[in-house]
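First to last, the protein sequences are chains A and B. Residue numbering for the first sequence follows my numbering, beginning at 2 and increasing consecutively. Residue numbering for the second sequence follows my numbering, beginning at 2 and increasing consecutively.
There are 2 protein chains.
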Amino acid sequence: MLADTPKPPYYAVIFSSLRTDDDLDYAATSDRMVELAREQPGFLGVESARSGLGITVSYWESLEAIQTWRLHAEHTLARQAGRERWYSAFRVRVCVVEREYGMG
Amino acid sequence: MLADTPKPPYYAVIFSSLRTDDDLDYAATSDRMVELAREQPGFLGVESARSGLGITVSYWESLEAIQTWRLHAEHTLARQAGRERWYSAFRVRVCVVEREYGMG
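See the structure below:
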């Protein structure tokens with residue numbers, strides 16, 4: 002469940018969100034977006050957790066890969082539904098990962 | 002609960018982890034580390050979620066601020082207990098946040 006990312010540098014998109022009470026289609030769309038993201042060129046991995054606040058971090062080879070995924074038609078529709086129905090607030094932070102270490 | 006961070010660039014430390022079954026002192030130490038982090042120079046905010054996988058992202062003004070927090074004595078002891086008892090696996094990723102946008 003931890004993303005198995007390569008040696009830095011690579012990119013991370015940190016998506017932090019607060020949900021509304023509207024659950025209609027949320028879980029299915031969320032799962033579908035992860036499935037679709039995994040198929041994109043330059044995708045390196047994803048980690049996700051929610052307990053009140055939700056955090057999903059996706060990892061990418063390049064800014065171009067992030068931009069291509071951002072322009073994906075189904076993803077664009079899902080983001081629009083997210084703004085309108087599923088999220089009361091969110092932040093997207095695009096980052097360069099400079100250093101990684103860990104255990105296990 | 003979303004971190005109110007300044008205009009980029011600034012730094013993010015993404016801490017992704019899987020827990021062991023050892024809960025002794027975990028919650029209290031975790032809360033204490035957030036409380037202590039908030040007091041550090043250069044601290045900008047923190048976001049945290051857990052659902053199986055845990056993700057905590059802390060935001061910082063500079064690499065120096067991250068390094069100073071890393072060397073804090075109480076934090077060093079907590080990280081050691083984390084490695085030995087509370088986490089079965091973790092990753093730490095140090096990042097430069099280049100772009101931020103959002104809603105709410």
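For glycine and all other residues, C-beta sits at the position ideal for the given N, C-alpha and C. These numbers come from a predicted model, not from an experiment.
Against residue i, what residues of chain B qualify as contacts under a CB-to-CB distance less than 7 Å, listed in chain order?
i, result
"E99 of chain A", "V95, C96, V97"
"A13 of chain A", "I15, R94, C96"
First and last residue of the beta strand (DSSP E) that includes residue i?
i, result
"S59 of chain A", "54-61"
"R84 of chain A", "Here R84 of chain A belongs to no beta strand (DSSP E), and DSSP marks it neither H nor E."
"A4 of chain A", "Segment: none, A4 of chain A is in no beta strand (DSSP E) and carries neither H nor E."
"G103 of chain B", "88-104"
Tell me which residue opens and which closes the alpha helix (DSSP H) that residue i is part of.
i, result
"E36 of chain A", "27-39"
"T69 of chain B", "64-72"
Residue i: which of the options sits nearest, CA to CA?
i, options, result
"D23 of chain A", "A:R51, A:Y88, A:E48, A:A38", "A:Y88"
"L3 of chain A", "B:R71, B:R51, B:G105", "B:R51"
"F44 of chain B", "B:G53, B:E65, B:R84", "B:E65"
"E40 of chain B", "B:W61, B:V97, B:A29", "B:W61"
"T57 of chain A", "A:D5, A:P10, A:E99, A:F16", "A:F16"
"T30 of chain B", "B:V95, B:T69, B:H76", "B:H76"
"L37 of chain A", "A:T69, A:R94, A:E85", "A:T69"
"M34 of chain B", "B:G83, B:F91, B:Y11, B:D5", "B:G83"
"Y102 of chain B", "A:R100, A:G105, A:R94, A:G103", "A:R94"
"A90 of chain B", "B:Y12, B:R20, B:P42", "B:R20"
"S63 of chain B", "B:L25, B:D5, B:V98", "B:V98"
Name the chain A residues that come within less than 9 Å of residue i, Cβ to Cβ?
i, result
"A90 of chain B", "M2, L3, G103, M104, G105"
At 8 Å on the CB atoms, spell out the chain A contacts of residue i, in chain order.
i, result
"A50 of chain B", "A50, R51, S52, G53, L54, G55, I56"
"L19 of chain B", "M2, L3, G105"
"R84 of chain B", "M104"
Are the C-beta of residue i and some C-beta of chain E separated by less than 8 Å?
i, result
"E40 of chain A", "This model lacks chain E altogether; the protein chains it does include are A and B."
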